[in-house]
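Have a look at the structure below, then the notes.
Protein chains: 2
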Amino acid sequence: MKAANSKYCQCLYFSSNALARKIEKLANDSWKKVGLTPSHAYLLMLAIEEPGIQPSVLVKQLLLTPSTITRLIEKLEEKKLVVRTTEGKLTNVYPTPKARALLPDLKDCLNHFYQNYSAIIGKEESARLVASMNRLVDKLPT
Amino acid sequence: MKAANSKYCQCLYFSSNALARKIEKLANDSWKKVGLTPSHAYLLMLAIEEPGIQPSVLVKQLLLTPSTITRLIEKLEEKKLVVRTTEGKLTNVYPTPKARALLPDLKDCLNHFYQNYSAIIGKEESARLVASMNRLVDKLPT
DNA sequence: GCATTTTGTTTGTATATACAAATATCACTT
DNA sequence: AAGTGATATTTGTATATACAAACAAAATGC
Chain U
27 MKAANSKYCQ CLYFSSNALA RKIEKLANDS WKKVGLTPSH AYLLMLAIEE PGIQPSVLVK
87 QLLLTPSTIT RLIEKLEEKK LVVRTTEGKL TNVYPTPKAR ALLPDLKDCL NHFYQNYSAI
147 IGKEESARLV ASMNRLVDKL PT
Chain F
27 MKAANSKYCQ CLYFSSNALA RKIEKLANDS WKKVGLTPSH AYLLMLAIEE PGIQPSVLVK
87 QLLLTPSTIT RLIEKLEEKK LVVRTTEGKL TNVYPTPKAR ALLPDLKDCL NHFYQNYSAI
147 IGKEESARLV ASMNRLVDKL PT
């Protein structure tokens with residue numbers, strides 16, 4: 027059924043969740059090549075760009091909760107893509123050489139994903155939509 | 027951090043998920059009064075409006091997978107808000123009197139949620155955003 | 001300098017959702 | 001009428017995320 031025909035299509039909860047689920051599926055496909063979920067991949071790319079990045083910074087960048095960030099890092103550690111060091115109450119996350127070697131593939135996935143959804147909905151419309159969604163995210167309480 | 031400052035703020039995956047998570051939180055608050063999550067509440071309202079509604083119809087209305095619909099119904103059954111009857115391969119979902127008695131409260135929650143986010147982002151902007159999100163949902167593959 | 005509060009991170013637990021497979025029923029074709 | 005494919009639903013399992021609490025370390029106030 028088209029969202030426009032759903033009983034609750036005018037509800038922001040319904041629309042935003044339906045959209046996020048569909049986009050997530052699309053993104054999962056794009057990142058399947060590197061065997062990561064989009065969230066793991068984004069976190070990893072941040073760690074590669076800024077080695078030693080701290081969970082608290084990742085929380086702010088990815089707009090996820092601290093516990094979720096910890097869980098994401100754990101999984102990347104299992105996959106030998108990052109290592110964690112602790113000094114005092116702070117933790118630093120460093121990419122491994124394996125992760126650095128993966129960077130081109132990660133960028134390919136990002137690009138593939140972008141090309142994919144751009145082809146479906148158009149670059150202008152998606153850019154506009156992303157902009158209004160971000161504006162809304164910023165207005166909503168944390 | 028503002029979404030606009032995040033490294034991946036221009037990515038549809040990031041924006042749509044961040045938005046959905048924040049909206050979900052807002053919605054959870056609104057529906058806390060009836061002790062249901064928004065998904066359960068929407069399903070229940072559909073069952074009240076159309077007694078005997080089948081899971082396959084709920085799948086199309088809510089844009090969720092069949093297994094998720096089954097799980098949502100199970101929980102509503104535990105809470106004695108719906109009953110399921112099976113004839114052949116079809117299942118019918120009926121609201122209980124308890125659910126019918128709850129309907130005004132459900133509508134209050136829906137309204138509370140709407141007022142809540144409208145106050146934050148404005149009725150026009152939210153309406154526009156919902157419209158473009160729905161358009162996108164319809165364009166994306168199932 | 002000690003007590004209290006704040007901050008950063010992790011852990012235990014819960015939940016919503018999905019995928020894949022199982023199951024059961026129905027429809028259709030010959 | 002029997003077999004085959006399609007459809008509806010459920011079940012087993014996995015996963016991403018969150019909340020609340022625990023914990024450790026740092027900062028602050030007196």
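Line by line, the protein sequences give chains U and F. FYI, in the numbering used here the residues of the first sequence are 27 to 168. FYI, in the numbering used here the residues of the second sequence are 27 to 168. Think of the CB as a built atom: it goes at the ideal place given N, C-alpha and C, for glycine as much as any other residue.
- [ ] Please report the Cβ distance between residue 69/F and residue 84/F, rounded to the nearest whole angstrom; I am assuming they are in contact, meaning their Cβ atoms lie under 8 Å.
- [x] The C-beta separation of residue 69/F from residue 84/F comes to about 6 Å, placing the pair in contact by the 8 Å criterion.
Task: Proximity winner among 167/U, 165/U, 148/U, relative to residue 38/F (alpha-carbon distances) - done: With respect to the C-alpha of residue 38/F, the residue from 167/U, 165/U, 148/U having the closest C-alpha is 148/U.
Task: Short CB-CB distance (under 8 Å) between residue 109/U and chain F - done: In terms of beta-carbon proximity, residue 109/U stays away from the interface with chain F, with every pair separated by 8 Å or more.
Task: Residue from 40/F, 44/F, 99/F, 41/F whose Cα sits closest to the Cα of residue 67/F - done: Of 40/F, 44/F, 99/F, 41/F, the residue nearest in Cα terms is 99/F.
Task: Between the CA atoms of residue 86/F and residue 124/U - distance to the nearest angstrom - done: Inter-residue distance for residue 124/U and residue 86/F is about 43 Å (C-alpha atoms, whole angstroms).
TODO: Output yes or no for whether 8 Å exceeds the beta carbon distance between residue 46/U and residue 43/F.
DONE: Contact: yes.
TODO: Scan the segment 103–136 of chain U and note each continuous beta strand (DSSP E) run of 3 residues or more that stays entirely inside, going in chain order.
DONE: As far as the segment 103–136 of chain U is concerned, its whole beta strand (DSSP E) runs of at least 3 residues are 108–113, 116–121.
- [ ] For the alpha helix (DSSP H) containing residue 87/F, list its first residue and its last residue.
- [x] For residue 87/F, the enclosing alpha helix (DSSP H) covers residues 81–88.
Open item on the list: Just checking: is the beta-carbon of residue 160/F within a distance shorter than 8 Å of some beta-carbon in chain U?
Closed with: Closer than 8 Å: yes.
Open item on the list: Is the beta carbon of residue 159/F closer than 8 Å to that of residue 41/U?
Closed with: For residue 41/U and residue 159/F, yes; Cβs fall inside 8 Å.
- [ ] Determine the burial state of residue 167/U: buried for a count of at least 16 other Cβ atoms within 10 Å of its Cβ, exposed for fewer.
- [x] Exposed, by the Cβ-count rule.
- [ ] Select from the segment 61–80 of chain F all residues with a C-beta closer than 7 Å to any C-beta belonging to chain U, and list them in chain order.
- [x] Against chain U - using a Cβ distance shorter than 7 Å - the residues of the segment 61–80 of chain F are 64, 68, 72.
Task: Rounded C-alpha distance that separates residue 60/U from residue 62/F - done: One C-alpha to the other measures close to 38 Å.
Open item on the list: Taking 8 Å as the limit between beta carbons, can you name the residues of its chain near residue 143/F, skipping five residues before and five after?
Closed with: Around residue 143/F: 49, 52, 152.
TODO: Leaving aside the five residues before and after residue 79/U along the sequence, list all residues of the same chain whose C-beta is less than 8 Å from its C-beta, in chain order.
DONE: Only 72, 73, 118, 119 meet the Cβ criterion.
Open item on the list: Taking 6 Å as the limit between beta carbons, can you name the residues of its chain near residue 139/U, skipping five residues before and five after?
Closed with: Within the same chain, Cβ atoms closer than 6 Å to the Cβ of residue 139/U are found at 53, 56, the five residues on either side in sequence being excluded.
Open item on the list: Taking 8 Å as the limit between beta carbons, can you name the residues of its chain near residue 92/U, skipping five residues before and five after?
Closed with: 81, 82, 85, listed in sequence order.
- [ ] On a CA-only basis, which of 145/U, 132/U, 165/U is nearest residue 146/F? Give me that one, please.
- [x] Closest in C-alpha terms to residue 146/F, from the list 145/U, 132/U, 165/U, comes 165/U.
Open item on the list: Taking the alpha helix (DSSP H) that residue 52/F belongs to, which residues open and close that run?
Closed with: Taken as a continuous stretch (DSSP letters only), the alpha helix (DSSP H) holding residue 52/F covers 38–57.
Open item on the list: Please tell me whether residue 120/U has its Cβ less than 8 Å away from any Cβ of chain F.
Closed with: Taking Cβ atoms only, chain F never reaches closer than 8 Å to residue 120/U, which makes this a no.
Task: Per-residue contacts from residue 146/F into chain U (C-beta, under 9 Å) - done: The contacting residues are 162, 165, 166, 167.
Task: Beta-carbon contacts of residue 131/F that lie in its chain and below 8 Å, excluding the five residues immediately before and after - done: The residues 59, 60, in chain order, have a CB closer than 8 Å to that of residue 131/F in the same chain once the five nearest residues on each side in sequence are set aside.
Open item on the list: List, in chain order, every chain U residue whose beta-carbon is nearer than 7 Å to that of residue 33/F.
Closed with: Neighbours of residue 33/F on chain U, chain order: 72, 87.
TODO: Compute the distance between the beta-carbons of residue 103/F and residue 97/F, then report whether it is under 8 Å.
DONE: No.
TODO: Give a yes or no on whether the C-beta atoms belonging to residue 155/F and residue 89/U are separated by under 8 Å.
DONE: Going by C-beta atoms, residue 155/F is not nearer than 8 Å to residue 89/U.
Task: Rounded separation between residue 141/F and residue 127/F - CA only - done: Cα-Cα distance, rounded: 23 Å.
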